[in-house]
Each structure stands twice: as structure tokens, then as C-alpha cells.
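Protein chains in written order, with the UniProt record's numbering: chain F, 1 to 110; chain D, 1 to 861; chain V, 1 to 161.
Ideal Cβ positions, reconstructed from N, Cα and C, are used throughout, including at glycine.
Quick caveat: nothing in here was measured; it's all calculated off a predicted structure.
Data first, discussion second: the structure below is written as C-alpha cells.
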Amino acid sequence: MRAFLPRTLALLCSQRPGRLELPLARMKVKILQWHAVASWTWDAQDETCGICRMAFDGCCPDCKFPGDDCPLIWGACNHAFHLHCILKWVNSQTSTPLCPMCRREWQFKG
Amino acid sequence: MQLDDSDGALDSWAGFCALTGDLVGGAGDLSVGPRLAPAVADLCARGLATLVRDYFLHNLEETFKNNAVKTFWQKFHPYNNSSAVERIKFCVQESWPEDVLSTALEDICLEKSYQEKCVLVLVHTLQSYEEKARNRKLQAAECSSSLMPRYQLMVSSVLLTTLPLSFPEILNVYFKKKLEELNTLMDGSGDNDQLASHEFSGGSNVSAWDSKMDIDSQETVISESGNLVKNIGKVVRDLRCLGFTSMTEDSYSSAIIWLLKSKVHELAGDDYRIPVLGCVKKWIQAVPLQFLHALLTYLGDSVDYESESSGLKSPLASRPSSFPGIGVPSEALLRWHMRLEYFAYETLQDLRIGKLFEIIVDYPESSPAIEDLKQCLEYTGQHSKLVDSFISSLRYRLLTAGASTNDILHQYVSTIKALRSIDPTGVFLEAVGEPIRDYLRGRKDTIKCIVTMLTDGSGGNTSGAGNAGDNLLEELNRDAENQENADYDDHTNMDEKQAWLNSESWEPDPVEADPLKGSRNRRKIDILGLMVSIIGSKDQLVNEYRVMLAEKLLSKSDFDIDSDIRTLELLKIHFGESSMQKCEIMLNDLIDSKRTNSNIKTSLLRTIETVTGQEEAEMSHDVLDATIISSNFWPPIQTEDLTVPASVDQMLSDFAKRFHQIKTPRKLLWKKNLGTVKLELQFEDRSMQFTVVPVHAAIIMRFQENPSWTSKTLATEIGIPVDSLNRRIGFWTSKGVLTESVGADVDDHIFTVVDSMSDVNKNSIVNESSEAFQMNEDEGESSISSVEEQLKKEMTVYEKFIIGMLTNFGNMTLDKIHNTLKMFCAEPSYDKSLQQLQGFLSGLVSDEKLEMRDGSYLLKK
Amino acid sequence: MTSSSSPARKMLSKIACNRLQKELAEWQASPPGGFNYKVSDNLQRWIIEVSGAEGTLYAGEKYQLQVDFPEHYPMEAPQVIFMNPAPMHPHIYSNGHICLDILYDSWSPAMTVSSVCISILSMLSSSPAKERPADNDRYVRNCRNGRSPKETRWWFHDDKV
Chain F
1 MRAFLPRTLA LLCSQRPGRL ELPLARMKVK ILQWHAVASW TWDAQDETCG
51 ICRMAFDGCC PDCKFPGDDC PLIWGACNHA FHLHCILKWV NSQTSTPLCP
101 MCRREWQFKG
Chain D
1 MQLDDSDGAL DSWAGFCALT GDLVGGAGDL SVGPRLAPAV ADLCARGLAT
51 LVRDYFLHNL EETFKNNAVK TFWQKFHPYN NSSAVERIKF CVQESWPEDV
101 LSTALEDICL EKSYQEKCVL VLVHTLQSYE EKARNRKLQA AECSSSLMPR
151 YQLMVSSVLL TTLPLSFPEI LNVYFKKKLE ELNTLMDGSG DNDQLASHEF
201 SGGSNVSAWD SKMDIDSQET VISESGNLVK NIGKVVRDLR CLGFTSMTED
251 SYSSAIIWLL KSKVHELAGD DYRIPVLGCV KKWIQAVPLQ FLHALLTYLG
301 DSVDYESESS GLKSPLASRP SSFPGIGVPS EALLRWHMRL EYFAYETLQD
351 LRIGKLFEII VDYPESSPAI EDLKQCLEYT GQHSKLVDSF ISSLRYRLLT
401 AGASTNDILH QYVSTIKALR SIDPTGVFLE AVGEPIRDYL RGRKDTIKCI
451 VTMLTDGSGG NTSGAGNAGD NLLEELNRDA ENQENADYDD HTNMDEKQAW
501 LNSESWEPDP VEADPLKGSR NRRKIDILGL MVSIIGSKDQ LVNEYRVMLA
551 EKLLSKSDFD IDSDIRTLEL LKIHFGESSM QKCEIMLNDL IDSKRTNSNI
601 KTSLLRTIET VTGQEEAEMS HDVLDATIIS SNFWPPIQTE DLTVPASVDQ
651 MLSDFAKRFH QIKTPRKLLW KKNLGTVKLE LQFEDRSMQF TVVPVHAAII
701 MRFQENPSWT SKTLATEIGI PVDSLNRRIG FWTSKGVLTE SVGADVDDHI
751 FTVVDSMSDV NKNSIVNESS EAFQMNEDEG ESSISSVEEQ LKKEMTVYEK
801 FIIGMLTNFG NMTLDKIHNT LKMFCAEPSY DKSLQQLQGF LSGLVSDEKL
851 EMRDGSYLLK K
Chain V
1 MTSSSSPARK MLSKIACNRL QKELAEWQAS PPGGFNYKVS DNLQRWIIEV
51 SGAEGTLYAG EKYQLQVDFP EHYPMEAPQV IFMNPAPMHP HIYSNGHICL
101 DILYDSWSPA MTVSSVCISI LSMLSSSPAK ERPADNDRYV RNCRNGRSPK
151 ETRWWFHDDK V
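This is how it looks when you write it as C-alpha cells:
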């Protein structure tokens, strides 16, 4: 019995961090706040609007703020434009409006 | 009486000569007078009246010269014969030169008055003869009337021809001493009153003189000073009597001026916080004018003795109805008053101009001195003195390598403010400001400092003196108010009638205006405008502001941007809305981010609650905040790859997924190297808090899994280059959290967690708690490209346009290239200054892409 | 330099202005082959030099296009005409008017000056003969008062040329 004692002790000690050198990590990192930075982007194929030639991630020339204020819209043909740009085009057409990119009849993607 | 032979004439002449000798040489014996008459009458009848007169005068002259004058000058010999040093000893004696002067004057005047009596004897004799002759209708030369004036002339010419050089000096000393005596006397009486009035009424009010005084003490003072003035008056009268009229006047004038000058210096001193002009003016009335009044009265020529010249009186001189204690002043006194005031203004002005640099350093505490200076300059019109002197002190004291840009800017702002109150038209400011602006243009950090002053209340690392930042912000505020007022004026009141009135009230530029500089620049002095003119264009300032704003916003750990919004609103008023649009979008991003964050967090938390049984999250979504930017409108951001620990990555992608759900079809792209992380390192025996950048967090979090890492493996894990890792990890070793040791491979360092207090240098730990929550970014690192880098990159975009234009045109001047780019470059829009373009073009020339010939650029063949 | 002696036109809208600046910038960066933009300070009227393509009837010849932009460009097509002398071509009238659908009914805001230029060059290049349109005289007579080609009711009969 006596012969076991030191080993038991050693075992006990090994489970108590900070006493002996062991490969186990004894430092814990607690994250209190992680303030990250991200940029947003429109999930579109092209980078710029075919009508105003401004970046999708920017805004159309009539808008002040990008993003929610100047949204993109997709046509049935999958071409995207700034909502304000395509509306101007559609409203300026007397006959059936066509997609400026592919000339297919313009329909808003549902 | 019958005309005899020539013998009779000789007898009469001999008798006359003898009697004259008796009379003139006699000690006060005038009894010979009546005996003189027959001889004189005889000689006159023989037509020798002028001979009689001239002989008599000559006789007087010899006597006067040999006796009175010699004795008179002898009294001053000890002084005249001493060296300059010894003369000072004389001057220190209290009674010198008063005693000598008054006794000498007394003696000589006594002698003179005796001689005058002699003259009168002859005058009477001549007169009675002339009268008789007139009765008989005989021709006779009129000699009696010219005798006295000739005598007086003789006296003064004798004195003046024998005058020792130092006599005017003696007179000067005399008057200085006497005036000082009088000054002390008056000071003693008016002291309380004067001090009180200049402290409480600001001293600028002359009428404060009238304030009640203690009448008794005033009376003693008046009688004392009356005696003093009487003594002086006597001396002056004697001096005048001897013909020293103008010398005397010069002497007491210069003494008065000297006293005034020392009074101004004494009052003004080096304290700029109290106005002194009022005191000086009051003192002029209290001492020198009282003195002059008393003196002139004593001499009997006080009341308009110059009345014939009153037509020359300047219409500008407002004639005070009365002077305190004097009543209606005489013309002479008024002239004196104006002369002394002018001199006081000039003296004070010179004094203040000489110290203008210090005064402006102390501005606005020193505004009383500025106000004084303003009044002085209005009176003297010597503004150019100010400009010249101030520019040279600026060159010598401020515009040197040793002065920090912040200090120069601060001094410039104070200069603007101070000079603005002296000269609202801004003409002098323009002259003075130009060298400062020129100098600042040569400083690299000028823009940065200005922007810091604008955005940051602290004004950067000001070296103590004043708070320039606050001033500039304040200035923006005031500007905003002005703008509103101006708008009101422009739109509401500007009908044609008003325009007509405005045009009628047009005033020509002050003469000092530089005609090359348009007067419209001087309508309103706006500090910000002047700041912008240092930089060259508002676009550069705006650009620098945008970079600093971006940096500030990206290192925030909250969304509190109220002060930035306020600054932006002010800048918008000043620079126009369109110039500030990008900045506005940046701030708007922060506002949006705050909203989006709370939306996403609430929805994420709800989801997690419903998905029960999830392994107890190491990190709650609560700890994550995200600033979501519209990157097109932000300055270029330096992104760097970074692999964050899986737990963090999970959190980020959850967040991004939710964003995509809420904002379809928008999605998020993380810039993982940016942001701030607050974390706590927990050890067995201690814990420490830090605020760090994500890469530091990513590094230290790896040490949870493994207490030891080699730099190479850790760099791979984190996804950054080894040299970058070695640089970043230094943060943790410097905090005593990790230790570094060299491994098997020399290039590969081993880093190990220091997990026990005993292993660490205690000192580095002691401060830990106080260091918690400190941002410790590696020096010189920034998430935003500097303006210089940006500029170079941005300019490169224009290179092909420029090459294209030159291909079309052959050659173009700098201006033409600049204007064409300005007109046609939309994306990216061309917002560079002419100087920036020139710099870039000369770069292209040295790269041998372009050449420059006759002021035009063309493609290198 | 062509200063704007053009008839009074409405100023470009903000969108038009923005877009033209971009187009010009793109043009400067990569001009379409065979075209040369004559730099001027007039954003609303561009003068572009066309060089006939090698191996075509117009090889070695140079013509000038005048492009005028309407207020609501690109919602409306620009007016594109050849300046005198116009090339001899079955779809180009002697007054410079061009019979090309994309300039009129088939205009799309996705088109640009550059793409229009390329279409015109390809029209030139595919010409079988240097000749005027059959109705040239009548058409030109009708247009005498400086009528814009955009007021013409075009009837696009020939798809090949």
C-alpha cells in the first residue's frame, strides 16, 4: 500500500493545474466583446448597374445613401439594376419595356 | 536851446558818457537820471539820438557781460567741467540743480532788472525830448521805443553766445525732477481713486475722473502742488526774461514727454490682462495738464494767448467743455492735450507692437491689451508698423524648425482672432497671415493637425498652451450661426431696395489693402476658410478628415457617434453637403450597424434558446458586435487574411447568415483583421483584461489549446506571414503573458504561456490591472491607408487618361490637363489639386513616360 | 475645338451627366479601336473621328461623327450623325443621317457611345458598295430645315448592311 502512495499523489497533483509542468493548457481566454468589421455587398453577378454605370454597392445618381435606400431589383431574365434606374427606363417606354441588357420583355422577378 | 559849435557837442557827449558810466556802473543808484536829460537832449537835437542809444546799450552790454553773465555761468561751472559720471552725482543730489539754478537766476535777473531801470531812465529822457520836438514840429529820430526791445535782444544774445553746451541739459534735469515731484504728489492723492476706477470701470472711461475724492486731502495736494508749480513758474519766468523762452519750453516739453513715456511704460508693463489706455489718459489730465495749466496761468498767458491761431484749430479736435479742476481750457492747453495724447497712443502702441507675439500667445486673456492697441492704431494710423514688426517676430520666434505644427496653428488661430478685433476688414491679417500659411504649407503634418483640431476636442498633443481644438470647433459652431444669419439676410431681406442700400454703403478698401487680392476675400474673416487656404483645397481637407474619421470609427467598440455627427453637420455647413457625402454615408453605416446588430442579436438569441441541448456555447452571440460598412464610400481599407478560432468563426458566420436572411440579397464580407476585442486571460491565480485587435486575440486564443507554439506553425494556423506574426506576438511577450525562446531552428521561435506568477517578473504584472482595457495597437499600424499612399494609388488611375489625352492632343499644359481631368473623370472622380497633379506628372516625367517642353507635357517618344 | 454653337438644348440631367463622365473616363482608358475622341470641354456633344477599317471599302478614309446627348440620356438615345462629308454608304444619307436601329427604336440604356461606335464601324465595314440610299434626295430635301434624324420614322429594311 505504501508503495502506491506517491503515485496516487502524483496523479492527484497532475489533475490540479498550476502545480506541475504538464502539456495541458491552463490559461483560458474569455472573450468579453468581439467588435468585428464587415462590408456588405449585393449578391449580384455584375458589379455595376447597366443603366447608370454606377457600382451596385454604391447608389444610383439620384440617391444619397446606398443599401436599403437604393435597392437592386432583378428582372425575370436575371439581370439586375438599381430599382430607381430600371423604373426610369420602364416608365419612359411607350411600348412594352425590354430589358436593357438582353432586350427580353422586362418583368420584375417575383 | 541854441545849436552851438562842435565843442558843445563834444561836451554834451563827454557828459553823457560820464553819466552813463555812473548810471550803469553804479550800484543801484538811479539818481543820475535827471542829470542825463540836458546832455541827451543836446545830442538828440544834433541828430545823434541813435549814437546815444547805441552807446548806452553798448555800455550796458559790456557791464552785463562782464559782471552778471560771467557770475551766472560760473555757478554752473562745477557741473559743466565734470565728466559724465560725475554729472550723475550732481543729478542725484536732491536740491540740484534747483538751488543753483534759482539763485543764479535770481541774481542775474536782479542785475537785469536794475539795467532795465537804467534803460527806462534813458527811455524817459528820450521820450520827453521827442515830445518837445514833436511840439515844435521838428524832425527827430524815434529812438525811445526801440530801446527796450534792443536791450532785451542784447541780453539774450549775450547769454546765448556765451551759453555752455550743458545748460539745456541742466534745465532738462531740473524739469524732470520737478515734474516727478509733482507726479508723486498727484499720484499720492489720486491713487486710490485711479486704481479703483481702472479696476472696476475698465479704465477706459475718462469721465471717471470726476468721481468724488476726498476733498480735504485734495485741497492740501492742490496747495502743495500750487507751491511747487509756483516755484517752477518763477524759474520759467526768469528764464523767459533772459530770453531762453524756446529753450525753456523745449526743456519742459521734453521733460513732460519723458515722464509720460515712463508713465506709459510703468502702467503698461508686461501685464496684458488689464487695459491701460484709460489710466494713461487720466494721468495726462491729472499731472502734465494740471502742471501746464498752472504754469501758463502763473506766467499770465493762459487764456487764449494764441487766439490769433484759433482759426487753425483742427475741426477734429473735440473741445471738451471743461477739464476737471481747470475749467474751460485755453487753446494752448488744448493743443498740449492733443499732443500728449497722441504721444501716449504712439508710445503704448509701440510698446504693444513690440510685444505683440507674447500678447497673442496669451490671447484671449490678453484681449484688453489688444483693445488698447486697436484704439492706439485708430488714432495714429500706423498699422504698417504692426505688420512689419509682427512678421519679423513670427519669422524669428514661430516659423522655425523647433516649433510644433500644433503650436504654430494655435498661434495662427489666436493671431486671426486677435487681429480680427483690431482690424475687422482683415487687411493686416492677410499681410501677417501669409508667411504663416506659407510656412505651414511646407509642413507635412499640417493637414493632419488641422483635421485633428477640427475633430478632436483635445487638439492633438498640444504642449499645454491653450486648447486650439476647442477653439476650432467653437469656430465651426459660430460659423454655423453666421451662416444661418447670412442666409437670412440673403434670402429674406435681399430685395432690390436692400441691394441698393448695400451698394450705397460700399466702402473703398483701406489704403493698406493689397490691390492684387480681391476685396471679396475680406468680407468676412472665417478661420476655417483660412485654415483651408493653408491646405490648398477643401477637398484635401475633407479627404484627410475622411481617413481620420474612418480610422476612428473602425476602432470603436461601440456605436456612439454623437459628437462625430455634430462635427459632420458643422463641416457640411461649411464645405457643402456634397463634399461631405461620403463621410455622411460612413456615419450612417454606423447608425445602421447599430440597428442591424440589435435585430440580428435578438433573432439569434431566440434561435439558440429554441435549439436546446446545444453544447454550452463557449461564446454567446451576445459578445459579437459588427460595424457593417458600405465599402465603396470608405477610404481604401487594408485587409489582411486572418484565421480566427473556430468558435469565433462560427459566431461570425451565424451573424452573416442572419444578415443575409434579413437583408437579402445583401450579404456580409467579414474583414476579420479589423475591429477590437475585449478579452480576459484567466489563470489559476490571476486574470487580466485587455483590449486588442483581432489578430492579437487570435494569437492568444491558440494558446488555450497548446501552451507552446513555434512561430511558423502558429503563423500557418492563423493564416498570416511569419514576420507579421513575430511582430504581433510581441504584444503578448511585452505584457509578460508569453515568453520567447529559440528553438531547434534559429528562425523558428518558440512561444510559451507564462502561467505562474513566479515565472514572471513581478513588476510587469503589478501594473496589469491598471493597464486593462487599453488599446494597444502596434505602433505605426493603421487599418486605413495613409493619404499619401492613397494619393499615389489614386493618381495612377488617372495615368491612362492622361496618356490618352496626350495621344489625342500631342501636348497639353498643366492647367489644361487639370481642367480636362476635372471635367471628365467621374470614376474615380478627379478631386486632386493642381499641385498634386504636378507632382504626379513630374513623377511620370522622371519615369520617362512623359516629357516636358515649353511648359507643356507630351508623350515621350 | 467645337464650341457649343449647337441649338439650345436642355441641360443634361444629373444622371446623364454622371453617366457621360463615366463613359468618357472609360473611353479614355480604353478607346474602341478605330475611333478617336476629339477632346473638348463640351460634355453634351462629342466629336469622334472614325477611321475606315483595313480591308474594307473605307480603308484609309476618315470621317467624323457628331454625338449629341439628350437631357435624359441614357433613357433616350443620343443623336448620332456623320459630319460633312458623310461616307458613301447605302444606309448613310448625304446629310449625315444614319439609318441604324439602335440609334432609334432599338436603343437600350445599357448601350454606350463606345458600343454605338462599334456598331457604326461594323455597318461601314460590311458595306458591299459605296453608294447613297435609294431615297437619298427625297429624304435630304425633307430634312432641309435641320431636322433631327430622331424625328424620322425609320423603316429598317435591311438587316444585313
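What three-state label does DSSP hand D/E705 in the structure shown? Translated into positions along the second sequence, residue 705 of chain D becomes position 705. D/E705: helix per DSSP, three-state reduction.
Within 8 Å (strictly less), CB to CB, does residue 877 of chain D reach chain V? Because chain D is modelled from 1 through 861, residue 877 of chain D falls outside the range shown and cannot be assessed.
Give the DSSP bridge partners of D/N25, in chain order. Translated into positions along the second sequence, residue 25 of chain D becomes position 25. A quick correction: the sequence has Gly, not Asn, at residue 25 of chain D. According to DSSP, which records beta bridges pairwise, D/G25 is partnered with nothing at all.
Determine, using beta-carbon pairs with one atom in the region 121-128 of chain D and one in the region 142-150 of chain D, whether at least three such pairs fall under 8 Å. yes
Pick out whichever of V/A77, V/Q28, V/A53, V/P70 has its Cα sitting closest to the Cα of D/N808. Position 808 of the second sequence holds residue 808 of chain D. D/N808 has its Cα closest to that of V/Q28, out of V/A77, V/Q28, V/A53, V/P70.
Please classify D/D592 as buried or exposed, where buried requires at least 16 neighbouring CB atoms within 10 angstroms. Taking the first residue of the second sequence as 1, we reach residue 592 of chain D at position 592. Result: buried.
Counting contacts by CB-CB distance shorter than 8 Å, is V/K74 in contact with chain F? Position 74 of the third sequence holds residue 74 of chain V. Here residue 74 of chain V turns out to be Pro, not Lys, going by the sequence shown. It does: the Cβ of V/P74 has a partner Cβ on chain F nearer than 8 Å.
In chain D, which residues lie less than 8 Å from V/V39 when you measure between Cβ atoms? What you label residue 39 of chain V is simply residue 39 of the third sequence in a count that begins at 1. Ordered by position in chain D, the residues that pass the 8 Å Cβ test against V/V39 are M805, N808, F809, T820.
Residue environment, D/N227, which counts as buried when at least 16 other CB atoms sit within 10 Å: On the second sequence, residue 227 of chain D is found 227 positions in, with the first residue counted as 1. By the 10 Å Cβ count, D/N227 comes out exposed.
Under 8 Å between C-beta atoms of D/T716 and D/V693: The residue given as residue 716 of chain D occupies position 716 in the second sequence. The residue given as residue 693 of chain D occupies position 693 in the second sequence. Not closer than 8 Å, so no.
For D/D564, tell me which candidate among D/M701, D/V451, D/Y151 has the shortest Cα-Cα distance. Locating residue 564 of chain D in the second sequence gives position 564, counting from the first residue. It is D/V451.
Rounded to the nearest angstrom, how far is the Cβ of D/E61 from that of D/V158, given a contact under 8 Å? Walking along the second sequence from the start, residue 61 of chain D turns up at place 61. Walking along the second sequence from the start, residue 158 of chain D turns up at place 158. Between D/V158 and D/E61 the Cβ distance is about 6 Å, and since that is below 8 Å, they are a contact.
Does V/Q28 come within less than 8 Å of chain D when only Cβ atoms are used? Residue mapping note: residue 28 of chain V aligns to position 28 of the third sequence, counting from 1. It does; some Cβ of chain D falls within 8 Å.
Cross-chain neighbours of V/I118 in chain F, by beta carbon under 8 Å: Counting from one through the third sequence, the residue named residue 118 of chain V turns up at place 118. Within 8 Å Cβ-Cβ: nothing; V/I118 doesn't reach chain F, min ~16 Å.
Hey, is the region 76-96 of chain F in contact with the region 74-92 of chain V, meaning 3+ C-beta pairs nearer than 8 Å? yes
For residue 862 of chain D, which of D/F840, D/L296, D/A268 has the nearest alpha-carbon? Outside the modelled stretch of chain D, which goes from 1 to 861, sits residue 862 of chain D, for which no answer is possible.
Out of F/W40, F/H82, F/M27, F/W74, which one is the CA nearest neighbour of D/W670? By one-based count along the second sequence, residue 670 of chain D stands at place 670. D/W670 has its Cα closest to that of F/W40, out of F/W40, F/H82, F/M27, F/W74.
Assuming D/F343 and D/I408 form a contact by the criterion Cβ under 8 Å, report the distance between their Cβ atoms to the nearest whole angstrom. As a first step, residue 343 of chain D must be located in the second sequence, where it is residue number 343. As a first step, residue 408 of chain D must be located in the second sequence, where it is residue number 408. Rounded, the Cβ-Cβ distance is 36 Å, inconsistent with contact.
Can you name the residues of chain D whose CB is closer than 9 Å to the CB of V/N36? The residue given as residue 36 of chain V occupies position 36 in the third sequence. Simply T807, N808.
Residues of chain V with a CB under 7 Å from the CB of F/M27: which are they? Position 27 of the first sequence, counted from the start, is the residue given in the question as residue 27 of chain F. Per Cβ cutoff of 7 Å: no residues; F/M27 is ~55 Å from chain V at best.
In whole angstroms, what separates the C-alpha of D/P635 from that of F/A38? Position 635 of the second sequence, counted from the start, is the residue given in the question as residue 635 of chain D. Position 38 of the first sequence, counted from the start, is the residue given in the question as residue 38 of chain F. Going from the Cα of D/P635 to the Cα of F/A38 covers about 14 Å.
Note down, in chain order, each residue of its chain lying with its Cβ closer than 6 Å to the Cβ of residue 900 of chain D, except the 5 sequence neighbours on either side. Any property of residue 900 of chain D remains undetermined from this structure, which presents chain D solely from 1 to 861.
Kindly indicate which three-state DSSP category D/V754 falls into: helix, strand or coil? For the purposes of this step, residue 754 of chain D is identified with residue 754 of the second sequence, where counting begins at 1. It is coil, neither helix nor strand.
What does DSSP give as the partner residue(s) for F/H35 in the beta ladder? In the first sequence, residue 35 of chain F corresponds to position 35, counting from 1. F/H35 pairs with D/D625, D/T676.
For D/N81, three-class secondary structure by DSSP: What you label residue 81 of chain D is simply residue 81 of the second sequence in a count that begins at 1. Three-state DSSP puts D/N81 in coil, outside helix and strand.
In the DSSP assignment, what residue or residues form a beta bridge with F/A80? Taking the first sequence and counting its residues from 1, one reaches residue 80 of chain F at position 80. For F/A80, which the question treats as bridged, DSSP gives the partners F/W74.
How about D/R666 and D/V695: are their beta carbons less than 8 Å apart? Sequence index remark: in the second sequence, residue 666 of chain D carries index 666 (1-based). Sequence index remark: in the second sequence, residue 695 of chain D carries index 695 (1-based). Their beta carbons are not under 8 Å apart, which means D/R666 does not touch D/V695 by this criterion.
Are the Cβ atoms of residue 197 of chain F and F/A80 separated by less than 8 Å? Since the first residue of chain F shown is 1 and the last is 110, residue 197 of chain F is not available in this structure.
Please list the residues of the region 50-67 of chain V that have a C-beta atom closer than 9 Å to any C-beta atom in chain D, keeping them in chain order. none
Exposed or buried, D/I718, counting other C-beta atoms within 10 Å across all chains shown (16 or more means buried)? Residue numbering aside, residue 718 of chain D sits at position 718 when the second sequence is read from its first letter. Answer is buried; the Cβ neighbour count reaches 16.
Against chain F, which members of the region 551-567 of chain D pass a CB distance test of less than 7 Å? L554, S557
For D/I561, which option in D/M586, D/V547, D/S537, D/L605 has the closest C-alpha, if you only look at C-alpha atoms? Within the second sequence, residue 561 of chain D is the residue found at index 561, counting from 1. The shortest C-alpha separation from D/I561 is found at D/M586.
Alpha carbon to alpha carbon, how far is D/D271 from D/S734? Give it in angstroms, no decimals. Start at 1 with the first residue of the second sequence, and residue 734 of chain D comes out as number 734. Start at 1 with the first residue of the second sequence, and residue 271 of chain D comes out as number 271. Using only the alpha carbons, I get a separation of about 51 Å.
Would you check if the region 536-548 of chain D and the region 441-451 of chain D touch, i.e. whether three or more CB-CB distances between them fall below 8 Å? yes
Does any C-beta atom of chain D lie closer than 8 Å to the C-beta of V/P31? As a first step, residue 31 of chain V must be located in the third sequence, where it is residue number 31. With 8 Å as the cut-off, V/P31 counts as an interface residue toward chain D.
Counting only Cβ pairs nearer than 9 Å, list the residues of chain V close to D/K800. For the purposes of this step, residue 800 of chain D is taken as the residue at position 800 of the second sequence. The answer, in chain order, is Q28, A29, S30.
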